[in-house]
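Undergrad: Here it is, the structure, as structure tokens.
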Amino acid sequence: MAIKLTERAAEEVKRFRQENNFDESTSLRIGVAGGGCSGFNYTLGFDDKFDEKADSKYDCHGVAVIVDKKSALYLDGTTVDWYSSLEKQGFTFENPNAVKSCGCGSSFQA
């Protein structure tokens with residue numbers, strides 16, 4: 005499996021999807037884009053399109069997750085969690101392929 009969500013992250017995705025009236029068939033798309041202070045940025049969004057040739061699809065605690073095959077090369081083994089504290093909240097990425105990460109947590113170098 006290229007990527008997985010923790011149960012806490014999956015619950016947050018479900019909550020957000022429900023609050024924003026997204027259809028249950030809408031998947032979470034996770035990817036990588038060039039940019040950021042370390043070279044690559046993580047991308048998160050909702051998508052209802054799935055291309056069997058270009059994408060992989062996973063089920064993580066009841067959330068359908070789509071990853072394009074190019075991003076999967078950088079995300080293999082990554083765990084996405086949800087962090088919440090008084091100072092900040094958001095998704096965190098534990099990526100074993102990252103050789104360097106930015107302090108913001110949304111940028112990495114592979």
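Residue numbers (our numbering): 5 to 114. Even for Gly, the Cβ is constructed at its ideal location relative to N, Cα and C.
1. From residue 71 to residue 101, what distance separates their C-alpha atoms?
2. Compare the C-alpha of residue 67 against each of 51, 78 and 57 and name the closest.
3. When the Cα atoms are used, what is the spatial distance from residue 47 to residue 90?
4. As a quick exercise: from 22, 28, 96 and 73, pick the residue whose alpha carbon is nearest that of residue 56.
5. Is it right to say residue 19 is buried, meaning 16 or more other beta carbons lie within 10 angstroms of its own, or is it exposed?
6. Exposed or buried, what is residue 98 when buried is set at 16 or more other beta-carbons lying within 10 Å of its beta-carbon?
TA: If we stick to the structure as given:
1. 16 Å
2. 51
3. 24 Å
4. 73
5. exposed
6. exposed
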